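S.K.: My questions will all concern the structure given below.
In this note's numbering, the protein residues as written are 80 to 340.
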């Protein structure tokens with residue numbers, strides 16, 4: 080998939096200022112999320128100006144990237160611009176598979192030392208900004224970026240530890256299904272997602288969903304007295320945790336932004 084590359088924070092700022100202008104969802108105070116995730120959020124969606132953190136958990140086993148995909152999908156479908164910063168493993172193919180519109184997705188794999196400047200520029204013009212949290216980020220910088228998101232009406236989604244977030248979501252447990260004794264294929268993953276926060280989100284919540292899914296993340300219904308979750312219908316097998324979307328010469332690729340030269 081073809082991408083577009085922009086070098087330098089000045090060029091980045093010029094690019095993102097008009098990014099949300101034609102967005103039909105621009106006037107909505109709450110951006111939509113998939114129905115099964117609404118119960119985790121106090122406004123049943125992504126409230127503009129809020130900070131929704133995603134806990135990183137254990138590297139390689141947290142499910143955080145799949146949760147990011149699920150969180151962005153409906154807002155993207157509705158016309159919002161999204162950006163993902165500092166997550167080089169975040170792939171355009173997996174994003175397309177999740178239903179994210181690639182022509183409204185900006186990727187900044189390596190923001191470099193000007194990370195706060197890059198995030199601030201994106202907050203000014205992008206509806207939802209996901210960013211990996213650098214280990215050296217100070218509380219003053221974090222507070223300044225959260226305040227900027229409130230002022231600009233963007234949704235800031237830090238991926239990693241972020242004190243003071245309105246809500247923190249995290250995959251706390253996960254089990255893959257499909258593998259038998261010595262054979263089989265990974266079909267789906269049952270995960271438990273927790274939510275904790277402040278204000279309206281002060282009461283902890285948990286839900287069980289399938290992540291990732293073939294099309295939609297789904298709440299896992301439970302039968303009274305049963306020990307294992309069941310689903311209403313069988314679902315197609317998936318060869319692994321993510322499946323790259325097939326090449327489409329008529330579809331625009333994700334916008335790829337590169338940090339300061």
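Idealized CB from N, CA, C, for every residue including glycine.
None of the values given here were measured: they were computed from a predicted structure.
1. Among the candidates 168, 283 and 216, whose CA atom is the shortest distance from the CA of residue 196?
2. Which residue's Cα is closest to the Cα of residue 165: 208, 285, 146 and 181?
3. Kindly indicate which three-state DSSP category residue 131 falls into: helix, strand or coil?
4. Roughly how far, in whole angstroms, is the beta-carbon of residue 237 from the beta-carbon of residue 162, given that I think they are within contact range, below 8 Å?
5. Do the segment 145-164 and the segment 173-183 make contact, defined as three or more Cβ pairs closer than 8 Å?
6. Flag residue 229 as yes when its Cβ comes closer than 8 Å to any non-hydrogen atom of the ligand PLP, and as no otherwise.
7. How close, in whole Å, do the beta carbons of residue 157 and residue 110 come, if the pair is a contact with beta carbons under 8 Å?
8. Helix, strand or coil: which one does DSSP assign to residue 179?
9. In whole angstroms, what is the alpha-carbon distance linking residue 170 and residue 187?
10. Over what stretch of residues does the beta strand (DSSP E) that includes residue 234 continue unbroken?
11. Do residue 228 and residue 129 count as a contact pair if the criterion is CB distance below 9 Å?
12. Less than 9 Å separating the beta-carbons of residue 203 and residue 223?
13. Going along the chain, which residues of its own chain have a beta-carbon closer than 8 Å to the beta-carbon of residue 220, five neighbours each way excluded?
14. Sorted by chain position, which residues of the same chain lie with C-beta nearer than 6 Å to residue 123's C-beta, five sequence neighbours on each side aside?
15. Taking residue 278 and residue 247 to be in contact with their CB atoms under 8 Å, please state how far apart those CB atoms are, rounded to whole angstroms.
M.R.: Taking the coordinates as given:
1. 216
2. 208
3. strand
4. Not quite, the Cβ-Cβ distance comes to about 13 Å (not below 8 Å), so this is no contact.
5. yes
6. You won't find the ligand PLP in this model; it holds no ligand whatsoever.
7. 7 Å
8. Of the three classes helix, strand and coil, the one that applies to residue 179 here is coil, per DSSP.
9. 11 Å
10. 234-238
11. yes
12. no
13. 195
14. The beta carbon of residue 123 sits closer than 6 Å to the beta carbons of 117 from its chain, once the five residues preceding and following it are set aside; these are given in chain order.
15. In fact, because the Cβ distance is near 13 Å, the residues do not count as touching under 8 Å.
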